[in-house]
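Quick note on the numbering used here: the sequence shown kicks off at 460 and runs consecutively. We put the CB at the ideal spot given by N, CA and C, even for glycine.
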Amino acid sequence: MPEIAQIDVYTDGSCLSNPGRGGWAAIILSEGKEYLYSGGFRKTTNNRMEYFAAIQALRQLQNFKGTINIHTDSELLFNTMTKWIFAWQKKGWKKSDGKLILNLDLVKQLFELSIRLKVKWNKVMAHTGDKHNERCDELAKLAASTASDIDIAYENPNAAMPIAMGDNRPAPKSGNLPANNANSLFDAGNYEST
Numbered sequence: 460m461p462e463i464a465q466i467d468v469y470t471d472g473s474c475l476s477n478p479g480r481g482g483w484a485a486i487i488l489s490e491g492k493e494y495l496y497s498g499g500f501r502k503t504t505n506n507r508m509e510y511f512a513a514i515q516a517l518r519q520l521q522n523f524k525g526t527i528n529i530h531t532d533s534e535l536l537f538n539t540m541t542k543w544i545f546a547w548q549k550k551g552w553k554k555s556d557g558k559l560i561l562n563l564d565l566v567k568q569l570f571e572l573s574i575r576l577k578v579k580w581n582k583v584m585a586h587t588g589d590k591h592n593e594r595c596d597e598l599a600k601l602a603a604s605t606a607s608d609i610d611i612a613y614e615n616p617n618a619a620m621p622i623a624m625g626d627n628r629p630a631p632k633s634g635n636l637p638a639n640n641a642n643s644l645f646d647a648g649n650y651e652s653t
């Protein structure tokens with residue numbers, strides 16, 4: 460059976476006030492199925508949620524061997540991954556003004572995941588009727604409205620734990636992965652199609 464050559468992923472982040480209660484969402488499309496993931500934090504920023512959504516999607520696909528097409532309406536996420544990230548890494552994660560970049564904990568995770576996987580970043584326009592982008596936006600807002608997890612890196616930047624923490628429960632809609640596949644959508648042997 461041939462392996463799946465590529466997968467489409469939509470990600471979005473949301474903050475009800477910025478900073479404030481925030482949510483993230485990811486939709487992974489594979490072989491006609493839709494896998495939904497979302498979560499949120501009681502206090503965070505919109506930019507952190509945009510990054511976090513992409514990280515969570517890439518974690519689900521950490522064993523996928525094909526191309527991952529990530530679609531985002533976030534100018535920041537798109538520019539980070541297509542224009543800035545390699546220069547930041549070469550400069551010790553500093554901007555041109557010599558200051559450390561914001562959200563370093565999440566940017567480093569994105570860097571590590573993106574160099575291990577084949578990721579193509581695609582910019583989509585927000586609120587233009589793209590059904591997956593609109594759905595992702597709705598899920599991120601819903602997650603923000605019920606968020607209670609703590610974004611440790613945001614609320615306490617000096618904490619020993621350098622990454623945002625939160626659960627990775629699928630959104631409460633149909634098309635979720637079975638519980639035994641919760642660690643990665645493409646664990647060994649699970650990515651072949653007929």
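Legend entry - Ser497 and Leu598 closer than 9 Å at C-beta: The residue labelled residue 497 in the question sits at position 38 within the sequence shown. The residue labelled residue 598 in the question sits at position 139 within the sequence shown. Their beta carbons are under 9 Å apart, which means Ser497 touches Leu598 by this criterion.
Inset, instruction - Check the DSSP bridge columns for Gln465 and list the partner residues they point to. - result: To locate residue 465, count along the sequence shown from 1; it is residue 6. Paired residues: Thr526.
Legend entry - Nearest residue (CA-CA) to Met508, options Ile574, Met584, Arg575, Leu561: Walking along the sequence shown from the start, residue 508 turns up at place 49. Answer by Cα proximity: Leu561.
Inset, instruction - Could you say if the segment 541-552 and the segment 509-524 meet the contact criterion of at least three C-beta pairs nearer than 8 Å? - result: no
Legend entry - Classification of Leu559 by the beta-carbon crowding that lies within 10 angstroms, buried from 16 upward: Here residue 559 corresponds to residue number 100 of the sequence shown, with the count starting at 1. Leu559 is exposed by the Cβ-count criterion.
Legend entry - Status (buried if at least 16 other CB within 10 Å, exposed otherwise) for Gln568: Position 109 of the sequence shown, counting from 1, holds the residue named residue 568. Looking at its Cβ environment, which holds 16 or more other Cβ atoms inside 10 Å, Gln568 is buried.
Legend entry - Start-end ranges of the alpha helix (DSSP H) lying completely within the segment 554-631, minimum 4 residues: 563-575, 590-604, 611-614
Inset, instruction - Output the distance between the C-alpha atoms of Asp534 and Glu462, rounded to the nearest integer angstrom. - result: Counting from 1 along the sequence shown, the entry for residue 534 is found at position 75. Counting from 1 along the sequence shown, the entry for residue 462 is found at position 3. The amino acid at residue 534 is misidentified as Asp; the sequence shows Glu. Roughly 32 Å between the two C-alpha positions.
Legend entry - Nearest-angstrom Cα separation, counted from Gly499 out to Ser476: Translated into positions along the sequence shown, residue 476 becomes position 17. Translated into positions along the sequence shown, residue 499 becomes position 40. Spanning the two alpha carbons is a distance of roughly 13 Å.
Inset, instruction - Assign Thr504 to one of three DSSP states: helix, strand, or coil. - result: Along the sequence shown, one-based indexing puts residue 504 at 45. Thr504: coil per DSSP, three-state reduction.
Inset, instruction - Give the DSSP-derived three-state secondary structure of Glu509 in the structure shown. - result: Against the sequence shown, residue 509 aligns to sequence position 50. Correct three-state label for Glu509: helix.
Legend entry - Residue range of the unbroken alpha helix (DSSP H) whose run includes Trp547: Translated into positions along the sequence shown, residue 547 becomes position 88. That run of the alpha helix (DSSP H) goes 544-549.
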